[in-house]
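The sequence shown begins at 18 in this note's numbering and counts up one residue at a time. Cβ atoms here follow ideal geometry from the backbone N, Cα and C, with glycine treated the same way. Note that this is a predicted model, so its numbers are computed, not measured.
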Amino acid sequence: IVLWDVTREYEINLLEGHLSRVTCLSFESVNSQLLASGSWDTSLRIWDLANGTEQNVIYFEKSVTACSWNPCNKLIAVGLDNGA
18 IVLWDVTREY
28 EINLLEGHLS
38 RVTCLSFESV
48 NSQLLASGSW
58 DTSLRIWDLA
68 NGTEQNVIYF
78 EKSVTACSWN
88 PCNKLIAVGL
98 DNGA
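Structure, rendered in structure tokens:
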């Protein structure tokens, strides 16, 4: 995952960890310092954008195809390749 500064046109950070195609990205809505990413590798990863580190990894039985933070930032909805 590449974080890109669109104003200055340069790469801010490279978030590495997924082993397959990334299928969804969702910023948490309060201060946008966390990013959720889902992948065909069956993982949902939570990134701390302030320091570019992975904070948590959750593995599912199927590929993650969708993810979205709840506005209160206490929940993340995850869609899986099995229709769940």
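Take residue i and list the residues in its own chain whose beta-carbon comes closer than 7 Å to its own, dropping the five residues that flank it on each side.
i	result
D58	H35, L36, S37
L31	V19
A67	Q50
Regarding residue i and the ligand PLP, is the C-beta to nearest heavy atom distance less than 7 Å?
i	result
N99	Only the bare structure without any ligand can be found here, which leaves the ligand PLP out of the picture.
Out of the options, which has the shortest C-alpha to C-alpha gap to residue i?
i	options	result
V19	N48, E45, W64	W64
K79	E26, N68, G55, N48	G55
F77	L66, A67, N99	N99
L61	R25, K91, A83	A83
Enumerate in chain order the residues of its own chain whose CB-to-CB distance from residue i is below 6 Å, with the five nearest sequence positions on each side excluded.
i	result
A94	S85
F44	L52
I29	L20, D22
Name the DSSP beta bridge partners of residue i, please?
i	result
G55	C41, L61
L31	V19
E71	W64
L97	V81
inquiry  = If contact is defined by three or more beta carbon pairs under 8 Å, each pair taking one atom from either stretch, is the region 63 to 74 in contact with the region 83 to 90?
reply    = No contact exists between the region 83 to 90 and the region 63 to 74.
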